[in-house]
Amino acid sequence: MFDIIDLHFQGQREVIASYLLHGPRGAALVETGPGSTLAALEAGLHARGMEWRDITDVLVTHIHLDHAGAAGAVARLTGARVHVHWVGAPHLADPSRLLASAQRIYGDQMDTLWGEFLPVPAEQIVILHDNDVIDAAGLRLVALDTPGHASHHMAYLLEGVCFTGDIAAARLPGSAHVRLPTPPPDIDIPAWHASVDRLRRLRPDSLNLTHFGPVTGDPLAHLNRVDANLEAMAAFVHERWQAGASTEAMIPEFTTWIAGLAAQDGADDDTIERYEVAVPSYMEVGGLVRYFTKAARSA
Ligand SMILES: [Zn+2]
462 MFDIIDLHFQ
472 GQREVIASYL
482 LHGPRGAALV
492 ETGPGSTLAA
502 LEAGLHARGM
512 EWRDITDVLV
522 THIHLDHAGA
532 AGAVARLTGA
542 RVHVHWVGAP
552 HLADPSRLLA
562 SAQRIYGDQM
572 DTLWGEFLPV
582 PAEQIVILHD
592 NDVIDAAGLR
602 LVALDTPGHA
612 SHHMAYLLEG
622 VCFTGDIAAA
632 RLPGSAHVRL
642 PTPPPDIDIP
652 AWHASVDRLR
662 RLRPDSLNLT
672 HFGPVTGDPL
682 AHLNRVDANL
692 EAMAAFVHER
702 WQAGASTEAM
712 IPEFTTWIAG
722 LAAQDGADDD
732 TIERYEVAVP
742 SYMEVGGLVR
752 YFTKAARSA
């Protein structure tokens, strides 16, 4: 029913996935990846005997650059409809604010990491609300509004198969370690737990993560780890933030701590390194510090 295309982000295997769905009326993609891996996406299509023109629909879980950065380029190459959360939709049509926000996180690494972000032609955008039913290449998917990682996040359910974007966190093949992407600017911890609970109650047969691939084994056990590690990471940063530690001081400490957790969960050194590529510590600490600072201001 679907293939996983490894986008070989930053030359690494199994860090960012794009899902190629085969339907009765063509094919659809869930996630495009960033602009920097457009050639890998094309190679992945060709390897499966597909051309850009076979893609009728593109679904992005949210508009962060590692998930949707190539959406504009793919829209132009395919003419496909691009399905996106209603909050994210304006930023695909005009990415200037999104790019300015990313620039603050990634600085001079922007181009190397993400490549070009072209606007998606407005007439190709399909705006999604919670529980919308999508006909993509003749397949029926349900959009699940799942905030927490971002305010503009959808998971997609194709019968029992759930494409989770980042709401079910990152877990690289060969390890049970679950690592939470907590980037600035709009993570929301209670909303994240509520979204995980929503997935849990749907009892999906499989969770398919953008970072990376299907969760083999028990999806509910994975979701429990998402909850637990979100709490553990938040507590680690909150404690130091409360004690007045700077973000810069926290990052190396966090990097060592989270690598230790991954090792306990059976990740080898290569996998630990790839976790850091998929979900960098500076991004996680930065997002959590911003979250706690914002919460304290509004308290
Ligand atoms: Zn994201």
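In this text, residue positions in the sequence shown follow this note's numbering: the first is 462, and each later residue adds one.
From the three backbone atoms N, C-alpha and C, an ideal C-beta is built for every residue, glycine too.
Residue i by DSSP, collapsed to three states: which one?
| i | result |
| --- | --- |
| Arg542 | strand |
| Met711 | helix |
| Arg486 | coil |
| Ser759 | helix |
| Arg601 | strand |
| Gly748 | helix |
| Phe624 | strand |
| Ser636 | coil |
| Ser479 | strand |
| Pro582 | coil |
| Met571 | helix |
| Gly616 | The sequence as given places Ala at residue 616; Gly does not occur at that position. Three-state DSSP puts Ala616 in a strand. |
| Pro665 | coil |
| Ile516 | strand |
| Pro642 | coil |
| Pro651 | helix |
| Ala631 | strand |
| Gly494 | coil |
| Asp606 | strand |
| Gly727 | coil |
| Gly576 | coil |
Do residue i and residue j have their C-beta atoms closer together than 8 Å?
| i | j | result |
| --- | --- | --- |
| Asp464 | Arg509 | yes |
| Leu684 | Leu660 | yes |
| Ile524 | Leu559 | yes |
| Ala501 | Ala598 | no |
| Thr493 | Val476 | no |
| Gly530 | Gly505 | no |
| Arg640 | Ala652 | no |
| Gly748 | Pro644 | yes |
| Thr708 | Ser742 | no |
| Trp513 | Leu538 | yes |
| Glu734 | Met694 | no |
| His672 | Ile595 | no |
| Phe624 | Val491 | yes |
| Tyr752 | Ile648 | yes |
| Ala563 | Leu526 | yes |
| Arg637 | Asp726 | Going by the sequence as given, residue 637 is Ala instead of Arg. In contact: Ala637 and Asp726 (Cβ atoms closer than 8 Å). |
If I follow the unbroken beta strand (DSSP E) through residue i, where does it start and stop?
| i | result |
| --- | --- |
| Asp527 | Counting along the chain, Asp527 falls outside any beta strand (DSSP E), though it belongs to the alpha helix (DSSP H) covering 526–529. |
| Ile566 | From DSSP, Ile566 is part of no beta strand (DSSP E) but of the alpha helix (DSSP H) over 557–567. |
| Val594 | 594–597 |
| Asp464 | 463–467 |
| Thr732 | Segment 730–739 is the alpha helix (DSSP H) holding Thr732; no beta strand (DSSP E) there. |
| Asp591 | It is not in any beta strand (DSSP E) - Asp591 carries neither H nor E in the DSSP assignment. |
Quick check on residue i: buried or exposed, where buried means 16 or more other Cβ atoms within 10 Å of its Cβ?
| i | result |
| --- | --- |
| Asp606 | buried |
| Arg542 | buried |
| His546 | buried |
| Gln585 | buried |
| Pro485 | exposed |
| Met462 | exposed |
| Ser759 | exposed |
| Ala604 | buried |
| Ala611 | buried |
| Leu681 | exposed |
| Asn770 | It is not possible to answer for residue 770, since the shown part of the chain is limited to 462 through 760. |
| Asp730 | exposed |
| Ala728 | buried |
| Glu620 | exposed |
| Asp666 | exposed |
| His528 | buried |
| Pro713 | exposed |
| Thr677 | exposed |
| Gly626 | buried |
Over the uninterrupted alpha helix (DSSP H) stretch that includes residue i, give me the two end residues.
| i | result |
| --- | --- |
| Asn690 | 680–703 |
| Gly552 | First, the amino acid is wrong: residue 552 is His here, not Gly. Run containing His552: 550–554, per the alpha helix (DSSP H) assignment. |
| Gly505 | 499–508 |
Comparing the C-beta of residue i with each C-beta of chain D, is any distance below 8 Å?
| i | result |
| --- | --- |
| Asp606 | Considering every chain present, this structure includes no chain D. It has just one protein chain. |
Closer than 5 Å: residues whose CB approaches a heavy atom of ligand 1
His525, Asp627
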